[in-house]
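So the structure is just underneath, and the comments pick up after that.
Protein chains: 2
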Amino acid sequence: MKLSTKGRYAVTAMMDLALHEQFGPVTLADISKCQGISLSYLEQLFAKLRKHDLVTGVRGPGGGYRLAQPPEKITVADIVTAVDENVDATRCKGKGNCQNGARCLTHELWCDLSNQIYNFLNSITLAQLAARPGVREVAERQDRLHSRNVSKASAA
Amino acid sequence: MKLSTKGRYAVTAMMDLALHEQFGPVTLADISKCQGISLSYLEQLFAKLRKHDLVTGVRGPGGGYRLAQPPEKITVADIVTAVDENVDATRCKGKGNCQNGARCLTHELWCDLSNQIYNFLNSITLAQLAARPGVREVAERQDRLHSRNVSKASAA
DNA sequence: GGTAATCCCTAGTATTGCGGTGGGGAATAA
DNA sequence: TTATTCCCCACCGCAATACTAGGGATTACC
């Protein structure tokens with residue numbers, strides 16, 4: 281059982297967005313630099329996030345991405361499911377036809393687990409995440425390292 | 281995010297074991313037939329389960345596998361971690377060196393999620409699982425279909 | 001209007017791990 | 001002795017992941 285880095289990257293990128301949006305749209309180039317994610321890969325992830333109405337792109341110089349909804353409305357589950365097709369632990373996609381058209385021995389278990397995971401991720405919003413002391417600390421270190429933040433507002 | 285079928289198969293097989301152990305050791309051939317899992321693949325899974333002291337093999341005719349511990353002592357987490365190396369949602373294996381030796385923005389989140397999943401799976405024992413009405417029902421259907429159960433006791 | 005910055009799209013590609021196969025043993029009950 | 005079982009190891013095809021490459025559209029700024 282493992283979380284793909286796809287989901288991790290997407291949440292990380294969305295966090296970056298939430299933390300810097302106040303200074304205008306955030307470019308993927310910035311996120312790529314600060315979070316250490318390949319630019320082209322980011323673009324692919326953001327294509328999915330856009331399709332799911334989680335972000336909106338702003339073209340042209342000074343452009344970038346914005347959250348399409350207030351961070352209080354976006355949950356981690358929203359992000360993960362947007363990029364990571366299946367958050368499901370069952371094989372049968374919840375249909376119950378796991379074994380020759382009937383439920384397998386452990387069908388219920390995996391349904392429960394899937395729900396458990398989903399509920400957990402769905403109970404955490406971007407806003408809550410961004411407000412964590414540990415997160416703010418890491419974000420400030422990153423900003424210092426790449427001289428972002430205030431300088432970005434004047435640059436744009 | 282997805283659970284590999286490896287973990288699913290292992291839990292299913294262990295359930296089969298728990299449900300039929302009363303009639304003597306259970307052969308992998310039986311499990312393979314009833315649960316629809318390739319025999320050779322099962323052997324690989326059971327090699328890991330054996331290494332983790334969850335089952336013991338009995339060689340020779342009439343042999344098979346037994347639970348190495350009472351089903352009340354074996355949790356789903358035990359099984360999944362035995363076959364599925366990483367139940368960890370973080371990239372850094374909990375070390376916190378995800379980004380250039382420092383914690384990444386979402387490190388805490390994935391740690392929390394990993395714990396959440398682990399605690400859930402660890403709170404469920406094989407015995408509890410086997411006692412579920414839904415499970416008993418499916419098991420009985422399977423037994424009828426493959427004429428196992430009582431006939432097995434006399435066959436062995 | 002031109003230019004540069006940005007998003008946007010599509011097509012690749014290397015690697016990895018999963019799920020599965022095959023074959024050849026060693027132990028042991030009958 | 002033989003059949004049955006566990007046990008071990010090496011391989012293989014496939015799909016998905018993580019990533020690269022390149023070529024557009026759109027738009028702010030001069």
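These protein sequences, in sequence, are chains A and B. Numbering-wise (my numbering), the first sequence opens with residue 281 and increments by one. Numbering-wise (my numbering), the second sequence opens with residue 281 and increments by one. Glycine included, each C-beta is placed from N, C-alpha and C at the ideal position.
Only counting the same chain, and skipping five residues up and downstream in sequence, which positions put a Cβ closer than 8 Å to that of A:Val-335? Met-294, Leu-297, Phe-326, Leu-329, Tyr-345, Arg-346, Leu-347, Ala-348
Using CA coordinates, which residue listed in B:Pro-413, B:Asp-364, B:His-426 is at the minimum distance from A:Leu-389? B:Pro-413
Would you decide whether A:Val-306 is buried or exposed? Buried here means 16 or more other CB atoms lie within 10 Å of its CB. buried
Please name the residue in A:Leu-409, A:Ala-309, A:His-426, A:Thr-405 whose C-alpha comes closest to that of A:Asp-358. A:Thr-405
Among B:Ala-309, B:Thr-292, B:Gly-316, nearest to B:Pro-341 - alpha-carbon criterion: B:Ala-309
Just how far apart, CA to CA, sit B:His-426 and B:Glu-323? 21 Å
Which chain B residues sit within Cβ distance under 9 Å of A:Asp-296? Leu-385
What are the start and end residues of the beta strand (DSSP E) that includes A:Gly-337? 335-338
Using CA coordinates, which residue listed in A:Tyr-289, A:Glu-352, A:Gln-315 is at the minimum distance from A:Ala-411? A:Glu-352
Span separating the alpha-carbon of B:Ile-311 from that of A:Lys-286: 35 Å
Hey, does B:Ala-436 have any beta-carbon neighbour from chain A nearer than 8 Å? Residue confidence is low: B:Ala-436 scores 33 on pLDDT, short of 50, so the model does not pin down where it sits. Its coordinate-derived value is still stated next. Chain A contact via Cβ: absent.
B:Thr-307 in three-state terms, based on DSSP: coil
If you check the beta carbons only, do A:Thr-292 and B:Thr-386 fall under 8 Å apart? yes
Figure out for me which residue from B:Asp-392, B:Ala-290, B:Gly-343 has the closest Cα to the Cα of B:Gln-315. B:Ala-290
Rounded separation between A:Gln-408 and A:Phe-400 - CA only: 13 Å
For A:Glu-420, which residues from the same chain have a beta carbon less than 8 Å from its beta carbon, with the 5 sequence-adjacent residues on both sides left out? none
May I ask which residues mark the beginning and end of the alpha helix (DSSP H) holding A:Arg-288? 285-300
Can you tell me which of B:Arg-424, B:His-300, B:Asp-423, B:Asn-402 puts its alpha carbon nearest to the alpha carbon of B:Val-356? B:Asn-402
Minimum C-alpha distance to B:Asp-364 - residue among B:His-332, B:Gly-343, B:Leu-393: B:His-332
Rounded straight-line distance, which links the Cα of B:Ile-354 to that of B:Leu-299: 14 Å
From A:Pro-350 to A:Gly-337, what does the alpha carbon distance come to, in whole angstroms? 15 Å
What's the gap between the Cα of A:Ser-318 and the Cα of B:Gln-422? 49 Å
B:Ser-320 versus B:Lys-313: straight-line alpha-carbon distance, rounded: 12 Å
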